[in-house]
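Student: Going down the list, the protein sequences come from chains Y and L. Taken in order, the first sequence gives residues 1456 to 1697; the numbers are from our numbering. Taken in order, the second sequence gives residues 37 to 147; the numbers are from our numbering.
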Amino acid sequence: MTETRRRRGDLLRGSRAAIPVALGYAGIGFAAGVVGARAGLSPAEVVLLSLILFAGSAQFVFADLYTGSPVTLVTTIFLVNLRHLLYATAFAPRVRGLGALQRFGIGAQLTDETFSLASSLLPGPLQSGTWMIALNMTAYLSWATGNLAGAVAGGAVAAVDGPGLDFALAAMFAALLMMQVTGAPGGRRTVAVVVAMIAATVMVALQAWRAGPLNLLAATAVAATAGVLLSPSAPEAMEAGA
Amino acid sequence: MSVRPEVLGLILASMAVTIVPRVLPLLGAHRMRMPGPVAAWLSYVPVAVISALFFNEILLAGGHLPRQPDDPHLLAGVLTLAIAFLSRSIAITVIVGVLLFAGLQAVVAGT
Chain Y
1456 MTETRRRRGD LLRGSRAAIP VALGYAGIGF AAGVVGARAG LSPAEVVLLS
1506 LILFAGSAQF VFADLYTGSP VTLVTTIFLV NLRHLLYATA FAPRVRGLGA
1556 LQRFGIGAQL TDETFSLASS LLPGPLQSGT WMIALNMTAY LSWATGNLAG
1606 AVAGGAVAAV DGPGLDFALA AMFAALLMMQ VTGAPGGRRT VAVVVAMIAA
1656 TVMVALQAWR AGPLNLLAAT AVAATAGVLL SPSAPEAMEA GA
Chain L
37 MSVRPEVLGL ILASMAVTIV PRVLPLLGAH RMRMPGPVAA WLSYVPVAVI
87 SALFFNEILL AGGHLPRQPD DPHLLAGVLT LAIAFLSRSI AITVIVGVLL
137 FAGLQAVVAG T
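(1) Taking 8 Å as the threshold (beta carbon to beta carbon), is Val39/L in contact with chain Y?
(2) If you measure beta-carbon to beta-carbon, which residues of the segment 62–84 of chain L are closer than 7 Å to chain Y?
(3) Which of helix, strand or coil does DSSP assign to Met1592/Y?
(4) Note down, one range per segment and in chain order, each alpha helix (DSSP H) of at least 4 residues found wholly within the segment 1466–1493 of chain Y.
(5) Tell me which residues share the same chain as Val1516/Y and place their Cβ nearer than 7 Å to its Cβ, disregarding the 5 neighbours each side in the sequence.
(6) Which whole-angstrom value is the C-beta distance of Ser87/L and Leu1541/Y, which I expect to be below 8 Å?
(7) Of the choices Leu1596/Y, Ala1486/Y, Ala1513/Y, Ala1626/Y, whose alpha-carbon is the least far from that of Thr116/L?
(8) What residue range is occupied by the uninterrupted alpha helix (DSSP H) comprising Pro105/L?
(9) Kindly confirm or deny that the segment 129–139 of chain L and the segment 105–119 of chain L touch, where touching means at least three C-beta pairs closer than 8 Å.
(10) What are the boundary residues of the alpha helix (DSSP H) that includes Gly1511/Y?
(11) Shorter than 8 Å from the beta carbon of His124/L to some beta carbon of chain Y?
(12) Terminal residues of the continuous alpha helix (DSSP H) containing Ala1555/Y?
(13) Here's the rule I'm using: 16 or more other beta-carbon atoms within 10 Å means buried, otherwise exposed. How should Asp106/L be labelled?
(14) Identify the continuous alpha helix (DSSP H) that holds Arg40/L and give its terminal residues.
(15) Just checking my contact of Ile47/L with Leu1596/Y at CB under 8 Å: how many whole Å lie between their CB atoms?
(16) Give me the chain L residues within the contact set of Thr1680/Y, using Cβ-Cβ distance strictly less than 9 Å, ordered along the chain.
(17) For a contact defined as C-beta to C-beta under 8 Å, what are the partners of Met1587/Y on chain L?
(18) Classify Ser50/L as helix, strand or coil using the three-state DSSP reduction.
(19) Is Met165/L helix, strand or coil by DSSP?
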């Protein structure tokens, strides 16, 4: 009885926490749907792609590359999504107490945004999986709905250019960047800004030199290493999920 | 509303290589021991990734660095960052950012 009530509360709180991400996903999902439709994918294929893959940048890559070599497509998607390995590793301490099925479900829906949001909101390890699964599902359904709407609209208005829609992704990253920097605890805020600047510089330099899916991992690795070296010596108790 | 079998195959293959890195660390979470420096390193991953993706998006949208100072991606990107700072809202930032970009693109195209 009490257990049921607690689960219902977690469900509501998780869904509510996901609203900003869900709103962003509706917009970016719409853009992804339009891009997919213009690349020749049917609305049903776009929806399947979003439901099965559920990975924003990988879906843009998919729309771009699916008519070419399958090996290139799958290899590029693997490299583009390899960053999730970092997210899942960073998030692992928070799910330590959960069952294998819940840990699998939470991992399968890990994205840049749900990872960032949950990492910022959670004070420590999850007591139950319900909150996180509700957050993930809200983002997931919004993403899929946006994809469908975009795929339908993109096909219908193919002659009219949809200016600005492709910028939705950049705007989302701008908001998340601010969340990350302003959300960092006091002493680490400056370090977070420096880490962000290093990551941006390395990424842009590498991309301008030779664009490739591993540039993001390289930029992240360099910047995170700089962050550790610049960190105040206080132990990272919260991040370790202790 | 058709699904081509070869497209479905590509989607499933893409899912397979995506889900493994997503799930593997969480499945081994209860056995994972994370030394302090590693945990600290991982804590900088989100801010680094997001910053790299954002600046890549606004500086290299055309595949090369902007050749004009009135490049819509660059201008809208800087303004959107300010909107993000002021609004602290993902939804507002995305909505205003997209409108701003569309407006700037129209202005630049019109001149």
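Using N, Cα and C, we set each Cβ at its ideal position, and we do this for glycine too.
Tutor: In terms of the structure at hand:
(1) Taking Cβ atoms only, chain Y reaches closer than 8 Å to Val39/L, which makes this a yes.
(2) Leu62, Leu63, Ala65, His66, Met68, Met70, Gly72, Pro73, Ala75, Ala76, Trp77, Leu78, Ser79, Tyr80, Val81, Pro82, Val83, Ala84
(3) helix
(4) 1474–1493
(5) Thr1531, Ile1532, Val1535
(6) Wrong, their Cβ atoms sit about 14 Å apart, outside the cutoff.
(7) Of the listed residues, the one whose Cα sits closest to Thr116/L is Ala1626/Y.
(8) First-last for Pro105/L: undefined, no H or E at that position.
(9) yes
(10) 1511–1520
(11) Before going further, note that residue 124/L is Arg rather than His in the sequence given. Arg124/L counts as touching chain Y.
(12) 1555–1563
(13) With fewer than 16 Cβ atoms within 10 Å of its Cβ, Asp106/L is classed as exposed.
(14) Looking at the DSSP string, Arg40/L is not in any alpha helix (DSSP H), and its letter there is neither H nor E.
(15) At roughly 18 Å, the Cβ-Cβ gap does not stay under 8 Å, so Ile47/L and Leu1596/Y are not in contact.
(16) Those are Trp77, Tyr80, listed as they occur along chain L.
(17) Those do not exist, as Met1587/Y stays about 11 Å from chain L at its closest Cβ, beyond 8 Å.
(18) Here Ser50/L sits in helix by DSSP.
(19) Residue 165/L is absent from the structure shown; chain L starts at 37 and stops at 147.
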